[in-house]
Structure formats: C-alpha cells, structure tokens
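Residue numbers (this note's numbering): 41 to 416.
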C-alpha cells in the first residue's frame, strides 16, 4: 500500500509538472522563426484518404472483427447475428486477416476464400447490416485490400506453373472502374505500408528500406519518414537514471543546416492530420508495481497520463486530454491506423498476470479533445 501511494504521489508530481510547462518545448526553440503555423502558414495536413464514418475498426488477437463507435465508445462485433459466437466459419467475418479488410466510411470491404481457392470481395454496410458481393476471382486469389478515399487497392496473386505472379489494381467503389497498377518498379514481395498524400509507401519485409510511388505505380523513389512538411524530423531517446526511456524530437527546418530540439522528455508520438500527438505516461514497471498483489495478480488497471497535441514543429503544444487509464504506444497496426475522420484511438492496456491486453481504446477528437473510453 505504501509503495502504491509513493507511485501515485510520483505520478501527481509528474503530471502537475506537465501542466505547468505543457509545451515541453526546448529553450532553443523559443525564437520567432520557430513559432507555429499561425504566422507562417507552412503546415498543411497530410492527405490520408480516410473517409470518416461512425466507427473505428479493429481486428482482435483471436481474429474477430470489432467496431468502436467514435461518439459513445460502444464496442460490438461487426457480425450482426445475435446468436453467432464468432468462433468458426459460420461467422461471415471469421478468419479475416489484417490485410483482407478495410473500410470506407461506414462500409467495410473484406476478402474471403472458399475451399477451391476462389476469392470474393464483399461489402458490408454497418448501418443496414447488408452484405453485397462486389466481384469474385475464380483463377486468381485476391490477397489484400487497402482503402484510399473512395477507391480500393487490391493485390492479386496468380498461381502459375513457374511460380506465383501477381499485380495490384484499383477499384473505384462509386463507378466500378478498375485500373491496373504499373508494377514495373514494384516487386510482388513488396507490401503496402500505408497510402497518403497521393503516394503509396512500399516496404520490403525484413528490411528497413521504404519506397514510394504515385497512385499509378510510377515515380518510384526511396522514402524517408523523417521528411514532413518540407522539414526533416528525427526522434531519439536516452535513458534516465531510473531506467526510463525519454524521447526527444529534433527537426532540421528547410533552409537551415543545424537541427533544433523541439520536444524533450516525451513519450511515443505520431502525426495525424496537421498535428503532432504525443503522450506522457508513468513507466510500465511503476504502474505494474502499484497494482500487483503478493500472488502476482493485477488488482487494478494501471494509471495513465496526459495526451498533448502540437504543431508539427512542436509549437502551440497544449493538453488535449488527461486520462487515468494506461495508454500504450501502439497507435495502430501496419494496415489499420486507429483513425476515423477527426477521431483517433489509443489502446488502453490491462494486465492479467504477466500478460498485457489492449482490448479497449480511448477515442478522441483531434480538434476538440473530447474523448470517450470504449466499453462493451
């Protein structure tokens, strides 16, 4: 009990310090040329091609597809059958992988394969619970699908005598028009990391290299995630005396040769729309120590911290919201960022013995900071 009280007091000190200096901006960045976007207008939001609806969709660790209502936080299975246990192929969404579903607004598109290898693309309207067949391939297998605005980018693999060959094509959900992607530059073993700003970001599994093409598969070039808004950003970390990992964000602004430290001693961060979102939480070991009894059972969910939003250069940093939940740095999986229009989700961790689960989210509006905690 005394240990828990010490940790709670330490948390209160940390959070009050954050409130007193909510910008977390290094003294080096207080000059006029590093102020925010109001005066320079240099920040424009990335184009994520994300058509907002009412839900954030997530695949659970046991391959069940769930949806989280961004307005009231209610969590429910995508399958509308009240008698379905979602544990076998009788469920229309059972066995879907993270690469075989995507969403445009309130419509989910997903791929299924039958015993003959035939693959079919379906659409499911979350409002009406209506399922439609979009199209099917008899001789080839559609293996992945990604959404960008109102179009789907689909990967097709063909089983030939000389091995597997494949290609990508676009499908316009409004017009039904298809367009084959130029695959001259993109090997089949490349996977799509993300699509944004009218660029497809490609990744070779097992490697640290990234490449990009335009939406037609042309204009192939190496890709560096550090370049944003014409500037170069790099995150570095160091260990504090107590073993905590503290992050600092550095930027080399366009036209300048030296880099500037714009945020210090923060937790994990990510960019969404035209904002940098970052958070500060109590270290995991301290959180666990506060809530583990003598038998090793976690008696209470760990306590969290503050979530901040700032301009991409770290200026105009402000508290977006505070939470007593333990939020983690896992903002998304590779194929499905936890975003929906102006809303983004952060997973909440809970422990059972030595296992950590992230089956709930905090969903917040990037502009207003209003948020909900998801629930069954």
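In this text, a Cβ means the ideal position worked out from N, Cα and C, and glycines have one as well.
Would you identify the three-state DSSP class for residue i, choosing helix, strand or coil?
i, result
"residue 379", "strand"
"residue 390", "strand"
"residue 21", "The requested residue 21 is not part of the displayed model; the chain covers only 41 to 416."
"residue 158", "coil"
"residue 305", "strand"
"residue 153", "strand"
"residue 197", "strand"
"residue 103", "coil"
"residue 338", "Low confidence applies to residue 338: its pLDDT is 48, below 50, so where it sits in the model is not reliable, and the reading given next is rough at best. Reduced to three states, the DSSP call for residue 338 is strand."
"residue 313", "coil"
"residue 295", "coil"
"residue 276", "strand"
"residue 181", "strand"
Where DSSP assigns a beta bridge to residue i, which residues make up the other side?
i, result
"residue 236", "239"
"residue 165", "147"
"residue 131", "DSSP lists no partner for residue 131."
"residue 320", "346"
"residue 362", "346"
"residue 412", "403"
"residue 212", "191"
"residue 271", "268"
"residue 367", "388"
"residue 40", "The chain is shown only over 41 to 416; residue 40 falls outside these bounds and no answer can be derived."
For residue i, is the classification buried or exposed, using 16 other Cβ atoms within 10 angstroms of its Cβ as the cut-off for buried?
i, result
"residue 128", "exposed"
"residue 285", "exposed"
"residue 201", "At residue 201, the pLDDT of 46 sits below 50, so the modelled position is not reliable; the number obtained from the coordinates is stated separately. With fewer than 16 Cβ atoms within 10 Å of its Cβ, residue 201 is classed as exposed."
"residue 353", "buried"
"residue 245", "exposed"
"residue 178", "exposed"
"residue 303", "buried"
"residue 218", "exposed"
Considering just the uninterrupted stretch of the beta strand (DSSP E) at residue i, what are its terminal residues?
i, result
"residue 258", "No beta strand (DSSP E) contains residue 258, which DSSP labels as neither H nor E."
"residue 177", "171-177"
"residue 220", "218-220"
"residue 285", "285-292"
"residue 95", "95-99"
State yes or no: is the beta carbon of residue i nearer than 9 Å to at least one beta carbon in chain D?
i, result
"residue 153", "Annotation note: the requested chain D is absent from the structure, which comprises a single protein chain."
For the segment 311-319 against the segment 260-267, are there 3 or more C-beta pairs whose distance is under 8 Å? no
Using 8 Å as the Cβ pair cut-off and three pairs as the minimum, do the segment 120-139 and the segment 204-217 touch? no
So, do the segment 143-152 and the segment 84-101 have three or more beta carbon pairs nearer to each other than 8 Å? yes
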